[in-house]
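Numbering (the numbering used here), first residue to last: 44 to 289.
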Amino acid sequence: TLFKKKGDNLMELTELGSRQAKAVGRRIKGVVGDKKVHFYVSPFQRTLQTARNIIFSNFDPDQVVHVSVDPRIREQEFGNLQGDNFIGLREERTKIRRFWYRFPTGESGADVYDRTKQWWDSMMQRHYYEDNKAKAVVVVTHGLAMRLILMQLFHWSPNTFHTVWNPDNCAMYVLKKNTSSNAVYPYYLDDVEGDRAMSSIDLVVTFRDDSMRKMTLVDYLSIPPPRTLQLQAVKNLLAEQYGLDP
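Shown next, in the form of structure tokens:
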């Protein structure tokens, strides 16, 4: 594979990727309007190129307050992949699950969670308590980091994290402030202006006749927490998705 010859941090955008970056830049511009913006960008080549496409194609220079390249929101370190056993490692990760599995000489999802949360807390400290002209923050990062930002913000368990799909290339999550909330970070995920965080979980369902069937429940995040206690909500969602009598 290409990873044997080129470091992950050096992987660049394709022509399609550049077009997607410009397109998502138009979506971002539509959300932030004329507000001053602070960009935070992963130092990988593809995210740097994505940020350049977003900014140069859609923003006036005086609208961008600052561009911070921050290694804490980089992609997960998969270790040295020059060997022939990467497929075996991926199979091990599938069994142990992505949040917990640590690649040899690399990181686990939990490791990435720690540095992503550190970045989030310091970034929010900067924008809440320091004089900063930016009224909007744009983060150009990777799919895993996007999910982990939501995980620490919404207090997902590792099991809930594993139900959430990795976003598509140049997908866009929009966090908006809930002014009526007393939470430390009073944000909610707006899936009207941004993309929906998709999720699913495999369940073994027992029916009235004692038969059992494995079923995939889609949109697991729509169930209010604590999700493992919301039996009726799960029944209703399964009934809706499979045409069952709850």
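For each residue, glycine too, the CB sits at the ideal point set by N, CA and C.
Given the structure is predicted, the values throughout are model-derived calculations rather than measurements.
Cβ distance (whole Å) where residue i is taken to contact residue j below 8 Å
| i | j | result |
| --- | --- | --- |
| S111 | G68 | The Cβ separation is near 18 Å, so there is no contact. |
| A177 | K65 | Going by Cβ atoms, the distance from A177 to K65 rounds to 22 Å, so no, they are not a contact pair. |
| T206 | S242 | 4 Å |
| E120 | R89 | In fact, because the Cβ distance is near 15 Å, the residues do not count as touching under 8 Å. |
Exposed unless 16 or more other CB atoms sit within 10 angstroms - verdict on residue i
| i | result |
| --- | --- |
| E118 | buried |
| E283 | exposed |
| H81 | buried |
| F250 | exposed |
Residue i in three-state terms, based on DSSP
| i | result |
| --- | --- |
| R256 | strand |
| H109 | strand |
| D245 | strand |
| K78 | coil |
| L56 | coil |
| L232 | strand |
| Y83 | strand |
| K178 | coil |
| L287 | coil |
| V227 | coil |
Among the options, nearest to residue i - alpha-carbon criterion
| i | options | result |
| --- | --- | --- |
| A153 | R140, D253 and Q284 | R140 |
| M258 | T249, D245 and P267 | D245 |
| G237 | T249, M215, K220 and W162 | M215 |
| F129 | W143, S265 and G149 | G149 |
| L91 | N225, R70 and V182 | V182 |
Proximal residues to residue i (C-beta, below 8 Å), its chain only, five neighbours per side dropped
| i | result |
| --- | --- |
| T159 | R115, I116, A188, L191, I192 and Q195 |
Close-in-space but distant-in-sequence residues of the same chain around residue i (CB under 7 Å, 5 per side omitted)
| i | result |
| --- | --- |
| V74 | V217 and E236 |
Contacting residues, own chain, Cβ-Cβ under 6 Å from residue i (five flanking each side not counted)
| i | result |
| --- | --- |
| R145 | S151 |
| T93 | A64 and V183 |
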